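Engineer: If you scroll down you'll find the structure; I have some questions about it.
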Amino acid sequence: MSTHLVECIQKEMGFPPLQKIDPNIQETKERSLTQRQGLAQAAIPAVLAGFFGTTRTDRGCNLILTGAASENWVNVIFQDNKLYVVEKVAHYAGLSLNETALAMEDIAREAELTIRKAIGEKPTIEKLRSYMSS
Numbered sequence: 483m484s485t486h487l488v489e490c491i492q493k494e495m496g497f498p499p500l501q502k503i504d505p506n507i508q509e510t511k512e513r514s515l516t517q518r519q520g521l522a523q524a525a526i527p528a529v530l531a532g533f534f535g536t537t538r539t540d541r542g543c544n545l546i547l548t549g550a551a552s553e554n555w556v557n558v559i560f561q562d563n564k565l566y567v568v569e570k571v572a573h574y575a576g577l578s579l580n581e582t583a584l585a586m587e588d589i590a591r592e593a594e595l596t597i598r599k600a601i602g603e604k605p606t607i608e609k610l611r612s613y614m615s616s
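Numbering (the working numbering) for the sequence shown: 483 to 616.
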C-alpha cells in the first residue's frame with residue numbers, strides 16, 4: 483500500500499491542505515496563512531523529516547517499530563535540535579513554543595501510527611527504511 487504521509491497526516495488530523503511554496507517569493511501564493519495553516523505547513527514536513535532521519539539508524543528504526551518513544555517523539559527525532567526546530571515552526575505559525583511543541587508531538591504520534599500501519603504486519607527495519615525512502 484502506497485500512501486503519501488503528508489496527506490494522510492493532514493487529513494487524519496483535520497489540517498487544511500498544505501500549500502506549495504512559490505520559489506520566486508519563498509512564500510505560499512496566499513501570503514497570509516491562519517495559525518492552523520502555518521502550523522500544518524511547517525510542522526508536518528519538519529516532523530516527517532525528523533522521522534526520516536531517525537530511520538537512518540537501527541536504533542531509530544526499532545523505536546518506531548516498537549512505539550517505544552510514543553510519548554516523547556519530538557525529543558527523540560530532533561534530540562539536541564528540538565528547541566531550535568520548535569522555535570522555527572512556532573515563529574512560522576505565529577504560535578507559542580508550548581502550543582507548537584504539543585502540536586508537533588500530536589503530529590509525531592499520528593505519523594508513527596500511519597507509518598506502522600503502512601509497513602504492515604511483520605514489520606522489519608528494511609521495510610521501514612524502504613517505505614520512508616519511497
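Glycine is no exception: its CB is placed at the ideal position from the N, C-alpha and C atoms.
Computed from a predicted structure; not experimentally measured.
(1) Starting from the C-beta of lysine 564, find all residues in its chain whose C-beta is less than 7 Å away, skip the five residues before and the five after it, and write them out in chain order.
(2) What did DSSP end up calling isoleucine 601 once you bin it into helix, strand or coil?
(3) Would tyrosine 566 be called buried (16 or more neighbouring beta carbons within 10 Å of its own) or exposed?
(4) What are the boundary residues of the alpha helix (DSSP H) that leucine 610 is part of?
(5) Please identify the residue among Ala522, Thr582, Leu579, Leu545 whose C-alpha is closest to the C-alpha of isoleucine 597.
(6) Pick from Gln523, Asp562, Ala531, Leu530: whose alpha carbon is nearest that of tyrosine 574?
Structural biologist: Taking the geometry as given:
(1) Locating residue 564 in the sequence shown gives position 82, where the first residue counts as 1. So the list reads Val556, Asn557, once near-sequence residues are dropped.
(2) On the sequence shown, position 119 is the one that residue 601 refers to. Coil.
(3) Along the sequence shown, one-based indexing puts residue 566 at 84. Exposed is the call here.
(4) Indexing the sequence shown from 1 puts residue 610 at position 128. That run of the alpha helix (DSSP H) goes 607-615.
(5) Against the sequence shown, residue 597 aligns to sequence position 115. If we check each option's Cα against that of isoleucine 597, Leu545 comes out closest.
(6) Here residue 574 refers to the residue found at position 92 when the sequence shown is read from its first residue. Minimum Cα distance to tyrosine 574 is reached at Gln523.
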